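Residue numbers (the numbering used here), protein chains in the order written: chain A, 1 to 248; chain B, 1001 to 1320.
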Amino acid sequence: MNIAVCVNHVPDTAAKVKVSEDHSGIDTAGAAWILNPYDEFAIEEALKIKEKTGGTVYVLSFGPAENNETIRKALGMGADEGIRIKPGTAADSLNVARALAAQITALDCKLVFTGKQSVDYDNGIVGQLLAELLGYNCVSVAVALQIDGTSVVAEREIEGGREVIQTTLPAVITAQKGLNEPRYASLKGIMAAKKKVIQEVEAVTMDPVVVTQSFESPAPKTAGKILGTDVQAVPELIKAIHEEMKLV
Amino acid sequence: MANKILVFVEQVEGKIKKSSLEVVSKAVSLAEAHGYSTEAVTCGKEVDASVIAEYGIASICCYVNNNLVHYSGSAYRDILLAHLDGGEFRFLFAANTSQGRDLLPRLAARTNSGMLTDCTTLEIDEQGLTGTRPIFAGKAFEKAKVVSPLQFATLRPNVFEALKKPVTPELTIKNVDTINEAEKVLEVKGSDGKIDVAEANIIVSGGRGMKGPEHFTLLEELASHLGGAVGASRAVVDAGWRPHSEQVGQTGKTVSPSLYIACGISGAIQHLAGMSSSRYIVAINKDKDAPIFSVAHYGIVGDVFEILPALNEEIKKIKS
Ligand SMILES: Cc1cc2nc3c(=O)[nH]c(=O)nc-3n(C[C@H](O)[C@H](O)[C@H](O)COP(=O)(O)OP(=O)(O)OC[C@H]3O[C@@H](n4cnc5c(N)ncnc54)[C@H](O)[C@@H]3O)c2cc1C
Ligand SMILES: Nc1ncnc2c1ncn2[C@@H]1O[C@H](COP(=O)(O)O)[C@@H](O)[C@H]1O
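In structure tokens, the structure reads:
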């Protein structure tokens, strides 16, 4: 079975995020860029399934040439083929999904993994959009997965619990932490990945339906108050919770 | 003419969720300001939806079927797609919950619509929706506009207020004969009545300074006195002391409760990203230079094993 994994290239979660002076963009200069953390779970799950049932794992990333770094990381972990989709004009989530869907259809992948969310723009929707564009079933925020032939049983994280979902392939699964323990790329894997040719294709996009207008920094926090250095401070804390916050 | 705002309202075991009522209130205020009408739609086995009218939406449509007792992406999508058909609606709003964030993008893809996820502000002008949404887990905000004919948004829980504004409910119950069970929930595990951190109004969170899983009873006790939930830092989750469902932060849950009490948490940037928008933050840490104090409204520099028992003791006294 051909399996597709969609990966995004994002600033490191430790990066300081600065809004540009004219509020038109985010200044990520100096930030290290990483494979989106949730996408590691997506890759791991695809590799595990491939090891059991055989097939080819395709890694797809929509974005600029820098995304090749993230594609190589996935190849280093053991994915077979890398494809970068070159963005056209302004790309909203629906256009990203559309471009990914076109490739997935061309590659005939009946199983698709994404992460549950990109940790830059925090949308958490590309997987679900993709599923509908492909006409596939979908389990979002998956923390457990079993595939047997074409039958799928997955667990999805919900508020305060988990839903056990039964569905069938073709399907898109969006990976949440807990789904598995992502492997590290082996030295051999990394060396092999360096030599692989990443295929580059053009995106088919349409007019965006969401347009970014501006960016803001969070309001600066006013310095808090240290109430004390031992249990003596407890009554004052309770007073604050009670009188100011009105919570007890 | 598309002049209606539709709100997708969630129920759990027949009870309407608070986060959905917050969305109802926001929809009502936008509708009043801009001359739209409102409607609410919900799906379930048996739903007592009249509470929606207490928050200002009179027109309520309930889709009912025994197999709608649990959420099903395929079933809910088909019902909502049919409901949206006909061009009456301009907007669809829902809470940014596990259902809202699963369902709305599916509808958006099917109707070629734009959607804004996890909005903390939402406005309407002649062209449509503009919303503000936290990005980089709250380290910045993006203001974005939707330009499609039909427009969707999910709203972050605990940000918009659910305001009582009673109207007389006009309920329509629609019995659905067959539902699309391509995706079917077999079972819901482990909800055992605990409040989820993402929904809790008060969170008592522990980090590596709690020294071991057994000491989290101190936090559980405090949480139960306050009617809140227990949260955790990633260090604690990675050590296996607490489940990942409790992790707060950039790769855990983003929370904005009324009160967040951080105990033995240093305040790494990834942790702050997930909780710095809380209304009040209290930090208890023995290191006076811990970064958590830079976002805390109130802090106690001290040992959690001295402060927490005292805090529990005092709160117990007040409560009794
Ligand atoms: C990709 C990535 C994603 C991440 N995502 C997250 C995330 O989502 N959430 C998250 O939390 N972290 C996340 N992290 C990890 C983050 O960088 C920190 O490592 C983590 O938050 C530290 O947890 P901690 O505060 O519990 O532990 P520590 O940093 O070890 O802090 C322990 C604190 O306890 C205090 N202390 C010790 N003993 C006591 C005592 N007796 N009384 C009072 N105070 C005491 C210490 O002074 C110290 O400040 C992420 C990291 C990466 C690389
Ligand atoms: N530009 C992209 N290229 C490839 N995959 C992406 C891209 N953007 C998002 N994804 C996938 O979709 C998931 C959810 O992303 P998002 O909706 O952007 O939060 C991510 O975890 C990725 O797996």
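Even glycine gets a Cβ: it sits at the ideal position worked out from N, Cα and C.
Computed from a predicted structure; not experimentally measured.
Comparing C-alpha positions only, which one of the options sits nearest to residue i?
i	options	result
G1014 of chain B	B:Q1270, B:Y1063, B:G1100, B:A1095	B:Y1063
T56 of chain A	A:N2, A:A14, A:G30, A:V139	A:N2
A1075 of chain B	B:T1097, B:T1042, B:L1006, B:S1050	B:T1042
V204 of chain A	A:E132, A:L47, A:S186, A:G88	A:G88
L1272 of chain B	B:R1234, B:E1054, B:V1301, B:K1145	B:R1234
D12 of chain A	A:A31, A:F215, A:T105	A:A31
S1320 of chain B	B:G1138, B:L1226, B:T1117, B:I1173	B:L1226
L1126 of chain B	B:K1194, B:A1229, B:A1031	What sits at residue 1126 of chain B in the sequence shown is Glu, not Leu. Measuring from the Cα of E1126 of chain B, the nearest candidate turns out to be B:A1031.
I49 of chain A	A:I238, A:V152, A:G161	A:V152
A4 of chain A	A:G82, A:A193, A:G224	A:G82
F1089 of chain B	B:G1212, B:A1229, B:K1018, B:F1152	B:F1152
E40 of chain A	A:K188, A:K110, A:T70, A:A219	A:T70
D92 of chain A	B:H1083, B:S1113, B:S1098	B:S1113
L187 of chain A	A:K16, A:K18, A:G78	A:G78
I1202 of chain B	B:A1262, B:T1130, B:V1295, B:A1040	B:A1262
T210 of chain A	B:G1207, B:V1295, B:M1115	In the sequence as presented, Thr is not what sits at residue 210 of chain A; that position holds Val. Nearest C-alpha to V210 of chain A: B:M1115.
T174 of chain A	A:E181, A:A144, A:I198, A:A233	A:A144
P208 of chain A	A:F113, A:A142, A:V96, A:E155	A:V96
I165 of chain A	B:V1185, B:K1143, B:N1180	B:V1185
K196 of chain A	A:A29, A:G76, A:T114, A:R183	A:G76
A253 of chain A	A:C6, A:E51, A:E45, A:R156	Only positions 1 to 248 of chain A appear in the structure, and residue 253 of chain A is not among them; the question remains open.
G189 of chain A	A:E51, A:V10, A:A74	A:A74
L179 of chain A	A:V139, A:V19, A:G54, A:F62	A:V139
I43 of chain A	A:A101, A:K116, A:P170	A:K116
When every heavy atom of ligand 1 is checked, does at least one fall within less than 7 Å of the C-beta of residue i?
i	result
S1233 of chain B	yes
K1139 of chain B	no
K16 of chain A	no
I1265 of chain B	yes
D148 of chain A	no
K1286 of chain B	yes
T28 of chain A	no
A262 of chain A	Shown here, chain A extends from 1 to 248; a query on residue 262 of chain A therefore has no answer.
P37 of chain A	yes
R1242 of chain B	no
A1268 of chain B	yes
Taking residue i as the query, report the chain A residues whose CB atoms sit under 9 Å from its CB, ordered along the chain.
i	result
N1065 of chain B	Result: empty, since nearest Cβ-Cβ is about 17 Å, beyond 9 Å.
Report the rounded CA-to-CA distance for residue i versus residue j, giving the unit in angstroms.
i	j	result
A14 of chain A	K221 of chain A	19 Å
A1232 of chain B	G1035 of chain B	44 Å
G1100 of chain B	I1269 of chain B	28 Å
I26 of chain A	T1254 of chain B	20 Å
N1175 of chain B	I1052 of chain B	19 Å
A1108 of chain B	E1313 of chain B	51 Å
Y58 of chain A	V172 of chain A	14 Å
N1158 of chain B	V1023 of chain B	10 Å
N137 of chain A	K177 of chain A	21 Å
A1278 of chain B	Y1260 of chain B	Looking at the sequence provided, one finds Ser at residue 1278 of chain B rather than Ala. Taking the straight line joining both Cα atoms gives about 6 Å.
S1224 of chain B	H1297 of chain B	22 Å
P218 of chain A	F1091 of chain B	28 Å
E66 of chain A	L1104 of chain B	31 Å
T28 of chain A	K16 of chain A	8 Å
I158 of chain A	S1020 of chain B	15 Å
I1315 of chain B	I238 of chain A	7 Å
L1150 of chain B	T1111 of chain B	8 Å
Closer than 7 Å by beta-carbon distance: list the chain A residues that pair up with residue i, in chain order.
i	result
E1314 of chain B	V234, P235, I238
S1245 of chain B	E157
A1310 of chain B	V231, V234
Say the cut is 7 Å; is the CB of residue i nearer than that to a heavy atom of ligand 2?
i	result
N1096 of chain B	no
Q103 of chain A	no
S1050 of chain B	no
Q213 of chain A	no
T114 of chain A	yes
C6 of chain A	yes
L1186 of chain B	no
V1009 of chain B	no
Could you tell me which chain B residues have their CB closer than 8 Å to the CB of residue i, listed as they occur along the chain?
i	result
Q146 of chain A	By Cβ distance, chain B contributes nothing, its closest Cβ being about 12 Å from Q146 of chain A, past 8 Å.
R162 of chain A	V1188, K1189, G1190
Just the chain A side, please: which residues come within less than 8 Å of residue i by C-beta, in chain order?
i	result
G1138 of chain B	P218
Which residues of chain B have a Cβ atom closer than 7 Å to the Cβ of residue i, listed in chain order?
i	result
N67 of chain A	Here the premise fails: no neighbours, minimum Cβ distance about 18 Å.
Using a C-beta to C-beta distance shorter than 9 Å, which residues of chain B count as neighbours of residue i?
i	result
K225 of chain A	A1296, H1297, Y1298, G1299
Do we get a CB-CB distance below 8 Å when we pair residue i with the residues of chain E?
i	result
S1113 of chain B	Looking at the structure shown, chain E is missing, and the protein chains on hand are A and B.
> Residues in the segment 1248-1272 of chain B with C-beta within 7 Å of chain A's C-beta atoms, listed in sequence order?
Replying inline: Residues of the segment 1248-1272 of chain B with a C-beta less than 7 Å from any C-beta of chain A: Q1250, T1251, S1258, L1259, I1269, Q1270, listed in chain order.
>> To be precise: take each residue of the segment 121-137 of chain A, compare its Cβ to all Cβ atoms of chain B, and keep it if any distance is under 9 Å. Which residues remain?
In response: For the segment 121-137 of chain A, which is checked against every Cβ of chain B, the residues closer than 9 Å are Y121, D122, N123, G124, I125, V126, G127, Q128, L129, L130, A131, E132, L133, N137.
>> Beta carbons nearer than 9 Å to chain A: which residues of the segment 1062-1092 of chain B have them?
In response: From the segment 1062-1092 of chain B, only H1070, Y1071, S1072, G1073, S1074, R1077 have a Cβ closer than 9 Å to chain A.
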